[in-house]
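Each residue of the sequence shown is one higher than the last, beginning at 1 in UniProt numbering.
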Amino acid sequence: MLFAIHAIDRTGALPTRLANYDAHKAFLSDTSQFGVKIVMSGPLVADDGATMIGSLFLIEAPSRSDVEAFNRADPFAAAGIWEKVTITGFLRRQG
């Protein structure tokens, strides 16, 4: 099943985001321990098209609990960067 993780940063979190960016990228490089596969991911940006204000992931996983465990382990989550995280499952349409 596919899941979308939509995470919005806390106000003023950009310096903390940048300080944890390398750890976050390293974490995303191997998701096998969580049994999930990242289909697509990247930062959300403000209307200026450059300032990072959140994160978006499209994850393939057996269950929502696997996605939740993956998300909790992210260095960005541990650093308290995200103010609000929404995880939504959806079905892939064929054709």
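All C-beta atoms in this analysis are idealised placements derived from N, C-alpha and C, irrespective of residue type, glycine included.
Check, Outcome
"Tell me the DSSP secondary structure of Thr88 in three-state form.", "strand"
"Taking C-alpha atoms, which residue in Glu68, Ala78, Ala73 and Arg92 lies nearest to Thr86?", "Glu68"
"Fully enclosed by the UniProt domain \"YCII-related\" (1-90), which alpha helix (DSSP H) runs are 4 residues long or longer?", "14-19, 21-28, 64-73 and 75-78"
"What distance in whole Å lies between the Cβ atoms of Ala73 and Gly35, which are believed to be in contact at a cut-off of 8 Å?", "So it is not a contact: roughly 12 Å between Cβ atoms."
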